[in-house]
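The next block holds one structure in the form of structure tokens; read it before the comments.
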């Protein structure tokens, strides 16, 4: 988890906006470009897979099925 520099609210790693106050979150330059991200294999989740192959939002592991 990351903390918003504006309100101190907990926000998921990689978030662009704070989930509590909605202010933009400054991102580290090392973070993956959005074109390199792999979307969650659960068709209803908006998350992407982290380096461990697990969705950063719902926690579902990648099941190998193509997305879409």
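In this note's numbering, the protein residues as written are 87 to 154. Heads up, the beta-carbon is just placed ideally off N, CA and C, and yes, glycines get one too.
Beta-bridge annotation (DSSP): residue 140 is paired with 147. Excluding residues up to 5 positions away in sequence, 126, 141, 142, 143, 144 lie with their Cβ nearer than 7 angstroms to the Cβ of residue 133 in the same chain.
Here the C-alpha atom of residue 98 lies approximately 6 angstroms from the C-alpha atom of residue 88. Residue burial is scored here from C-beta neighbours: residue 104 has at least 16 other C-beta atoms within 10 angstroms and is therefore classed as buried. Within the same chain, and ignoring the five residues on either side of residue 149 in sequence, the residues whose Cβ sits closer than 7 angstroms to its Cβ are 127.
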